[in-house]
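No gaps in the numbering here: position 138 of the sequence shown is 138 in the UniProt record's numbering, and each next residue is one more.
Glycine is no exception: its CB is placed at the ideal position from the N, C-alpha and C atoms.
Report on the structure given below.
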Amino acid sequence: MVFPRRGKTVACMAVLTVALTQVTVDARAASALGDPLPCRSPGQAKPTVVLVHGAWADTSSWNGEVDALRQAGYAVRALANPLRGLTGDAQTVADFLRTVSGPIVLVGHSYGGAVITNAAANLPNVKALVYVDAAAPDVGEPNGRLSGAGSALNKDPDTLYDQVSYAGAAEGAKDLYLKRDVFVGSFASDLPRDTALRLWATQRAASTSAFMTPSKAAAWKTIPSWFFISTGDRIITPDSQQAMADRARAKVTTFQGGSHLTLISHPDAVTAVIGSAICSVR
């Protein structure tokens with residue numbers, strides 16, 4: 001499926017304040033951000049930006065960010081996340097990362113945050129992790145326990161998902177599709193209804209194994225990290241994201257409003273945070 005792009009995108013913050021650990025932005029502030037990546041010195045090696053999507057989505061959820069980063073002259077790749085199980089999904093991403101030469105800024109949205117947390121372990125060229133409305137599990141934590149007390153996903157699964165068998169599934173595993181009202185009202189709550197309905201109709205399923213598998217690594221313990229937290233996120237609550245960011249000692253950007261799909265509705269603000277991570281790579 002192809003996600004829409006809304007609004008003007010920009011490449012990154014005009015100035016990176018290294019000591020900044022928590023900032024608040026809104027759509028007006030994000031749209032006023034400055035020229036692309038002035039923090040990079042001429043001749044300095046540019047990192048490759050690798051983007052990993054989450055559940056019920058695909059690579060096109062990053063369209064706005066990809067366009068902005070390419071315009072700024074950066075190599076960028078949005079990877080297809082298998083959505084089959086955390087260990088295997090992370091291995092798929094890690095195998096790709098090993099083909100990239102030079103420094104990498106690794107970005108994950110939603111469940112993709114759990115994937116990059118595992119994929120980046122023991123890969124020295126991954127220099128920064130960026131979590132976009134995402135989960136960042138510790139060792140032993142499954143992604144499904146990190147949504148937060150007020151998450152829309154904390155309801156009877158029969159009211160949340162259409163569950164479907166799939167070939168080769170582990171015993172008891174099912175594919176999950178978000179029901180229409182959950183997708184439109186909670187997952188894509190700041191997008192126009194017609195757009196949200198189209199995204200619901202074209203969503204990719206995620207296996208229950210993706211959410212139940214305990215994390216085997218916590219790359220944020222050794223790799224600098226950034227968190228983009230939307231206050232309007234109803235899937236992974238802002239409080240849960242803040243707690244994960246705090247334990248990772250991440251640099252936090254709080255976006256006022258948005259939804260779990262702020263990466264689609266406001267790619268300029270998300271790209272600004274990716275830009276901050278890029279500017280940290282030396």
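Endpoints, the alpha helix (DSSP H) within which residue i is located
i	result
PHE255	Not the alpha helix (DSSP H): PHE255 falls in the beta strand (DSSP E), residues 251 to 255.
TYR131	No alpha helix (DSSP H) contains TYR131, which is instead part of the beta strand (DSSP E) from 126 to 132.
VAL115	111 to 119
residue 285	Given a span of 1 to 282 for the chain in the structure shown, any question on residue 285 remains unanswerable.
LEU123	Where LEU123 is concerned, there is no enclosing alpha helix (DSSP H), given that its DSSP letter is neither H nor E.
ASP239	238 to 248
Contact check, residue i vs residue j, beta carbons under 8 Å
i	j	result
LYS174	SER165	yes
LEU146	SER61	no
THR262	SER230	yes
ALA206	LEU199	no
THR87	LYS251	no
GLY108	ALA134	yes
ALA243	THR117	no
Backbone CA spacing between residue i and residue j [nearest angstrom]
i	j	result
GLY102	ALA277	15 Å
PHE228	GLY275	12 Å
ALA149	THR222	28 Å
ILE235	THR59	19 Å
ALA210	VAL105	23 Å
ALA94	THR254	29 Å
VAL204	LEU69	Looking at the sequence provided, one finds Arg at residue 204 rather than Val. Their Cα atoms are separated by approximately 25 Å.
PRO124	ALA170	32 Å
Host beta strand (DSSP E) of residue i (start-end)
i	result
THR48	48 to 52
SER230	225 to 230
LEU199	Per DSSP, LEU199 belongs to no beta strand (DSSP E); it is in the alpha helix (DSSP H), 193 to 201.
Coil, strand or helix - residue i by DSSP
i	result
ARG77	strand
TYR166	coil
VAL89	The sequence shown places Asp at residue 89, not Val. It is helical.
VAL107	strand
Counterpart residues of residue i in DSSP-defined beta bridges
i	result
PRO214	PRO142
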